[in-house]
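Just so it is clear: in the sequence shown, position 124 is 233 by this note's numbering, and no numbers are missing.
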Amino acid sequence: MAITQRQKTLVVESFAKVEQISDVAATIFYKKLFEYDPSLKKLFKHDIKSQGRKLMSALKLAVSSLNDLEALVPVLQKMAVKHVDYGVKAEDYTPVGNALLFALAQGLGDAFTNELKQAWIAIYKTIATVMRQAAYPSFNPNTFRNTKNYVH
């Protein structure tokens, strides 16, 4: 899926607003993530507030690199391999995406339009695909079927 310049712009502009409420957004994200899939809680052995800061830092890096995806890919690949060591599975990326969309919707309120939602989905699917392919060499986005679809 190609990411348009408009989608990149929308995501960058909206993330600037999310950054202002990053602690709240991270709290919403993890609360919803564990509602979607309680089994994921065991992957987070450290303070969740600290983990929230790491999440926001990773999102900031990804969002700020949208105009240079070639430079972002190796960073995402390295991060993905590290996440395998933590116990992350290919199917875990879907509830993460869903929780992210939920947190964005809550944090941005009416500003989270359908166009913005579709932009974030495009960006997240691209990131998740790069990470899954790096972490799971046999992963094929064209044949991957996950029972947990995007719900937001």
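Don't be surprised by glycine CBs; every beta carbon is placed ideally from N, CA and C.
Taking a cut-off of 8 Å on C-beta distances, the stretch 117-135 does not touch the stretch 179-186, as fewer than three cross pairs fall below it. Judged by their CB atoms, F138 and A189 are not nearer to each other than the 9 Å cut-off. Using a Cβ distance threshold of 9 Å, I130 and V172 do not count as a contacting pair.
For D177, there is no enclosing alpha helix (DSSP H), as DSSP marks it with neither H nor E.
Pairing T118 with A228, the inter-Cα distance amounts to about 9 Å. Of N249, P250, R115 and Y245, the smallest CA-CA separation from Q186 is found for Y245. Our two residues, D132 and G216, have alpha carbons roughly 11 Å apart in a direct line. Taking P204 as reference, the option from N223, E128 and I230 with the minimal CA-CA separation is I230. Within the same chain, Cβ atoms closer than 8 Å to the Cβ of R241 are found at A189, A199, Y202, F248, P250 and F253, the five residues on either side in sequence being excluded.
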